[in-house]
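Participant: Okay, here's the structure, questions in a sec.
Numbering (the numbering used here), first residue to last: 64 to 218.
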């Protein structure tokens, strides 16, 4: 089995985690923080908006069962990538749309899928605000955030 990882931010990590856990070929999803400048941030730290981190999920997947491009199609559809620093009622830089890639190949595919989606949105005068950057340190969120929606029976 060949595995890869990608870090994705699409607003509050609880819903994003639940979405990706349902996908065939996804082996593990961990809620966490990445993209900022504060070492070992806590949820309370990230909520201040001063750490530079986004709420993200680390997705480990089996490349024999699902492609990176297929994962990104799910990513683009599970949130609104045209709202800057906001998803639904959640507002702040920690809720930004982000793809943190590990390999040059992931970067190329991320840019290609972003450009293709942007072309489809041209007629609506919408612009994609998703940042695509090289991965930085991933900090797992506190245990109570992992599988939060499952543990709390929120659907």
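For each residue, glycine too, the CB sits at the ideal point set by N, CA and C.
Using 10 angstroms around the beta-carbon of residue 80, count the other beta-carbons present and answer buried if the total reaches 16, otherwise exposed.
Facilitator: Residue 80 should be labelled buried.
Participant: Could you name the residues of the same chain whose beta carbon sits closer than 6 Å to that of residue 212, not counting the 5 residues immediately before and after it, in chain order?
Facilitator: Contacts found: 77 and 81.
Participant: Residues bridged to residue 27 by DSSP?
Facilitator: The requested residue 27 does not occur in the structure, where the chain is confined to residues 64 to 218.
Participant: How big is the Cα-Cα spacing for residue 107 and residue 113?
Facilitator: Whole-angstrom Cα-Cα distance: 11 Å.
Participant: Whole angstroms is fine: what's the gap from residue 94's alpha carbon to residue 146's?
Facilitator: So the two alpha carbons sit approximately 21 Å from each other.
Participant: Run through the stretch 101 to 167 for me and flag every whole beta strand (DSSP E) of 3 or more residues, listed as ranges in chain order.
Facilitator: 117 to 125 and 160 to 164, all fully within the stretch 101 to 167.
Participant: When you compare each of 155, 129, 92 and 184 to residue 109 by their alpha carbons, which one comes out closest?
Facilitator: Per the Cα distances, 155.
Participant: If residue 161 sits next to residue 72, beta carbons under 8 Å apart, how far is it from one beta carbon to the other, in whole angstroms?
Facilitator: With a Cβ gap of about 4 Å, residue 161 and residue 72 count as contacting.
Participant: Answer with buried or exposed for residue 159, where buried requires no fewer than 16 other C-beta atoms within 10 angstroms of its C-beta.
Facilitator: Counting Cβ neighbours within 10 Å, residue 159 comes out buried, since at least 16 surround it.
Participant: Between the Cα of residue 164 and the Cα atoms of 123, 102 and 210, which residue gives the shortest distance?
Facilitator: Ranking the options by Cα distance to residue 164, first place goes to 123.
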